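Its first residue numbered -1, the sequence shown is counted upward by one per residue in the numbering used here. Quick reminder that beta carbons are idealized off the backbone N, C-alpha and C, glycines included. In this text the structure is predicted, and so the values were computed from the model without any measurement.
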Amino acid sequence: MGKLISLLPYSLRLAWLNLLRNGRRSALSILIITIAVFALTSAGGFGLYTYDSLKESTARDTGHLTLSQPGYFESDEEMPLSNGLSDTSELIRTIMKYDEVRGVQPRIDFTGLISNGVKSTIFMGTGVNDREFDMKGPFLDMRSGKTLTDITSSRYDVMEPEIMLGVDLARNLNVSVGDWVTLLATTSEGALNAFDFKVHGTYSTGMPELDKRQLYIHIDSAQELLLSEKVSTLSVFLFDTEKTAELHQRLAQELETMPLDYGVEITPWQERAFFYNKVKDLYDLIFGVMGFVMGLVVFVALFNIMTMSVTERTREIGTLSALGSYPNEIIHSFLREAGLLAVIGVVLGAVMTALTTILLLVVDVQMPPPPGRTDGYPLNIYFSFELVAYAGVGVVCICLLAAYLSAKKGVKKPITEALIYV
């Protein structure tokens, strides 16, 4: 340790020796700063983890980009698929040529009645193909059975069209995998149509209100049920969520040059992520208030500690002034001490956050379910160098301000009074 200190410039070595003169007080100052930095960076890391998880789950559910008829999400359809997209094969080929695109999934959104032969209830259906569930990845929570089979596969039985039910919807209808249900829906021509489907699996979205109503069927089955070749939307899934804005701009420019018989509106996932936006606004406010409170605590604590240090060294300040030291030189010496305390505290706080991040990867700590959801989630925090830098700069500035105000008050005392101060 002594060799390491000897490598520092003389002014910093002097500041370090001054801190050692009262090791207990210096240790207390470092502890306060360490706790503040740890609290800010760990809480911020939890926020970053939450943002990232919500962002990925939303993008995997809706698609990073959604292509639809203009105003599709603002107004209700008079008839099913009346505002749908037709002849989308050329449009899909155009989108798939981009390297950033992982897949383009057509979807059909519709509603109707589902019955088990005895009991009926309202459902919200989505027509998809089997690749939809590859795109969802770990964000699809299967509770029983399997996802929909590829309709072109030899494993798919055309005599037993498949359906996936939300877990609460299946429970309310008292059906399980292998049972049959009937879907009744209004066709695109305004008539009623009904098909029987075999339950192939049940799943949970984590939101009880959706689990009571939602279901998936093959998109071909949905088109047969609704008597239409159209699709509601095209969901574009990317390999990297960060590329969404860039691809949005490029794709919008290309679609303007395509001779489409209908207009196409591109909606990024952020505009459909209502839950994500609300949570982010709430967390930003919480972490902002928390950062302000922690900064205030550090300032008050350091101001008191530095005031005590200046008061105890009043005769030393008077002696330095009598020997010709300028007030600014004396103030700078206190600033160096405060800066050194801040740097040590920031480093220790960052190390604590890094160790906690690693520990949470090994130890499974579960958070309780948030409001409106049924499932908890693992507690993780992201270690962000950018976040550490912001917290570090803020804490250093607070420490320097506290030291400056304390030292400035001390050097204003007349030399004669300072020399005889007891």
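Task: Distance, G143 Cα to V175 Cα - done: The residue you call residue 175 lines up with position 177 of the sequence shown. The residue you call residue 143 lines up with position 145 of the sequence shown. Cα to Cα, the separation comes out at about 6 Å.
TODO: Can you have a look at I3 and say buried or exposed, based on whether 16 or more other CB atoms are within 10 angstroms of its CB?
DONE: Within the sequence shown, the letter at position 5 stands for residue 3. Residue placement at I3 is flagged as unreliable, the pLDDT there being 49, under the threshold of 50; the coordinate-derived value follows with that caveat. Counting Cβ neighbours within 10 Å, I3 comes out exposed, since fewer than 16 surround it.
Task: Buried or exposed (CB count within 10 angstroms, at least 16 for buried), P68 - done: In the sequence shown, residue 68 corresponds to position 70, counting from 1. It counts as exposed.
Open item on the list: L181 and G110 - do their beta-carbons sit closer together than 7 Å?
Closed with: Counted from its first residue, the sequence shown places residue 110 at position 112. Counted from its first residue, the sequence shown places residue 181 at position 183. Cβ atoms of G110 and L181: closer than 7 Å.
TODO: Work out the CA separation of V179 and I112 for me, nearest whole Å.
DONE: The residue given as residue 112 occupies position 114 in the sequence shown. The residue given as residue 179 occupies position 181 in the sequence shown. Rounded to whole angstroms, I112 to V179 spans 7 Å at the Cα level.
Task: Segment contact flag, the region 117 to 129 with the region 209 to 224, C-beta cutoff 8 Å, min 3 pairs - done: Enough Cβ pairs lie closer than 8 Å, so yes.
TODO: For the beta strand (DSSP E) holding T355, just list the boundary residues, first then last.
DONE: Along the sequence shown, read from residue 1 onward, the residue named residue 355 stands at position 357. Taken as a continuous stretch (DSSP letters only), T355 belongs to no beta strand (DSSP E), being part of the alpha helix (DSSP H) at 325 to 360.
- [ ] Tell me whether M205 sits in a helix, a strand or coil according to DSSP, three-state version.
- [x] On the sequence shown, position 207 is the one that residue 205 refers to. Three-state DSSP puts M205 in coil, outside helix and strand.
- [ ] Leaving aside the five residues before and after T354 along the sequence, list all residues of the same chain whose C-beta is less than 7 Å from its C-beta, in chain order.
- [x] In the sequence shown, residue 354 corresponds to position 356, counting from 1. If we look at T354 and ignore the five residues flanking it on each side, its Cβ neighbours are S40, I379.
Task: Of the residues A13, R11, S27, W14, the one placed nearest M306, counting alpha carbons only - done: Along the sequence shown, one-based indexing puts residue 306 at 308. Of A13, R11, S27, W14, the residue nearest in Cα terms is S27.
Task: Limits of the unbroken alpha helix (DSSP H) element including Y47 - done: Locating residue 47 in the sequence shown gives position 49, where the first residue counts as 1. Note, Y47: alpha helix (DSSP H), 21 to 60.
Open item on the list: I need the DSSP call for Q268, collapsed to helix, strand or coil.
Closed with: One-based indexing of the sequence shown puts residue 268 at position 270. Helix at Q268.
Open item on the list: I'd like the span of the beta strand (DSSP E) that includes D85, first residue to last.
Closed with: Your numbering for residue 85 matches position 87 in the sequence shown. Premise fails: D85 is in no beta strand (DSSP E) and is neither H nor E.
Open item on the list: Taking only three categories from DSSP, how would you classify M157?
Closed with: Counted from its first residue, the sequence shown places residue 157 at position 159. Three-state result, M157: coil.
Task: Under 7 Å between C-beta atoms of S118 and V165 - done: Numbered from 1 along the sequence shown, position 120 holds the residue referred to as residue 118. Numbered from 1 along the sequence shown, position 167 holds the residue referred to as residue 165. Contact: no.
Open item on the list: Just to confirm, is the Cβ distance from L146 to E160 under 7 Å?
Closed with: In the sequence shown, the residue the question calls residue 146 occupies position 148. In the sequence shown, the residue the question calls residue 160 occupies position 162. Yes, the Cβ-Cβ distance between L146 and E160 is below 7 Å.
Open item on the list: Give me the residue from K410, C397, A401, M350 with the minimum Cα distance to L318.
Closed with: In the sequence shown, the residue the question calls residue 318 occupies position 320. Ranking the options by Cα distance to L318, first place goes to K410.
Open item on the list: Among D74, E98, A189, E72, whose alpha-carbon lies nearest the alpha-carbon of T249?
Closed with: On the sequence shown, position 251 is the one that residue 249 refers to. In the sequence on display, residue 249 carries Leu and not Thr. Cα-wise, what sits closest to L249 is E98.
Open item on the list: In the DSSP output, which residue or residues are listed as bridge partners for T231?
Closed with: For the purposes of this step, residue 231 is taken as the residue at position 233 of the sequence shown. Beta-bridge pairing links T231 to R105.
Task: Straight-line gap, I93 to L357 (C-alpha atoms, nearest Å) - done: As a first step, residue 93 is located in the sequence shown; it is residue number 95 there, counting from the start. As a first step, residue 357 is located in the sequence shown; it is residue number 359 there, counting from the start. Each residue's Cα considered, the two are about 42 Å apart.
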